[in-house]
Amino acid sequence: MKKSILILFVFVGFALSAQNTKVEVLKEFLKGTIQLDEGNIDLEQPIFTINELAASKADKVADLTKENVTEVLAEAKNYSTCIITVGVHTIVKVTDFEDCSPSGAWGACMPMGKGYIQKAGVLSEVNDYLKNIIGRPGSQERKVFLFK
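With mature numbering (1 follows the signal peptide of the UniProt record, and there is no 0) applied, the sequence shown corresponds to residues -18 to -1, 1 to 130, in that order.
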């Protein structure tokens, strides 16, 4: 019985440590753009909290669709930071507008980005063209947050 309780405490400790690490990774990723407060962040779905914070802090917010992707990305070049989220599982920051790859699905040249995709509670870092990070156009909500 004591071993079971000890194992349970160790497991809970590791789970909490992993959640704090996730928050720290995202805090560093958003440094200089959005200030994350650990007390107000959803540890299970931190990108949900980031969506809310970014919506109130961004200089401009837009939905990203196949119909407006070219215009939104062109406008984003006038801002210092462009962050895109997909639902509550993906966040990406455009790193290079000049290095882009044509996307037939989006009908636009998609720039290079760096971000994180959350699967099964684990954040995985990705460095790739936006088309490979945010997926194909569809019913998922994609938000663009622009910061001066």
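Ideal placement from N, C-alpha and C gives every residue a C-beta, glycine not left out.
By a C-beta neighbour count over all protein chains shown, 10 Å radius and 16 as the cutoff for buried, is Leu(-11) buried or exposed? Taking the first residue of the sequence shown as position 1, residue -11 is located at position 8. Here Leu(-11) scores only 48 on pLDDT, less than 50, and its place in the model is too uncertain to base an answer on.
Leu128 (DSSP reduced to helix, strand or coil): In the sequence shown, the residue the question calls residue 128 occupies position 146. The three-state reading of DSSP puts Leu128 in strand, counting E and B together.
For Val104, list the residues DSSP reports as bridge partners. Working through the sequence shown from its first residue, we reach residue 104 at position 122. The partner list for Val104 (beta bridge, DSSP) reads Lys101.
Residues in its own chain within less than 8 angstroms of Lys113 by CB, not counting five upstream and five downstream? Taking the sequence shown and counting its residues from 1, the one referred to as residue 113 is at position 131. For Lys113, where only same-chain residues beyond five positions count, the Cβ hits under 8 angstroms are Ser83, Ser85, Ala87, Trp88, Met92.
Cβ-based burial, Val126 [other Cβ within 10 Å; buried from 16]: By 1-based counting over the sequence shown, the position of residue 126 is 144. The C-beta of Val126 has 16 or more other C-beta atoms within 10 Å across all chains shown, which makes the residue buried.
With H, G and I counted as helix, E and B as strand and the rest as coil, what does DSSP make of Gly(-6)? By one-based count along the sequence shown, residue -6 stands at place 13. Note that Gly(-6) has pLDDT 43, beneath the 50 cutoff, so the model's placement of it is unreliable and the number below is only indicative. The three-state reading of DSSP puts Gly(-6) in helix, counting H, G and I together.
Would Val76 pass as a contact of Cys64 if the rule is Cβ separation under 8 angstroms? In the sequence shown, residue 76 corresponds to position 94, counting from 1. In the sequence shown, residue 64 corresponds to position 82, counting from 1. Closer than 8 angstroms, so yes.
Would DSSP call Ala40 helix, strand or coil? As a working mapping, residue 40 is identified with position 58 in the sequence shown. Ala40: coil per DSSP, three-state reduction.
Considering only DSSP beta bridges, list what Pro84 is partnered with. For the purposes of this step, residue 84 is identified with residue 102 of the sequence shown, where counting begins at 1. Beta-bridge pairing links Pro84 to Cys91.
Pull up the DSSP beta-bridge partners for Tyr111, would you. For the purposes of this step, residue 111 is taken as the residue at position 129 of the sequence shown. Beta-bridge partners of Tyr111 (DSSP): Met94.
Since I believe Leu105 is in contact with Lys4 (beta carbons under 8 angstroms), could you give me their beta-carbon distance rounded to a whole number of angstroms? As a first step, residue 4 is located in the sequence shown; it is residue number 22 there, counting from the start. As a first step, residue 105 is located in the sequence shown; it is residue number 123 there, counting from the start. Sure, about 5 angstroms apart at Cβ, within 8 angstroms.
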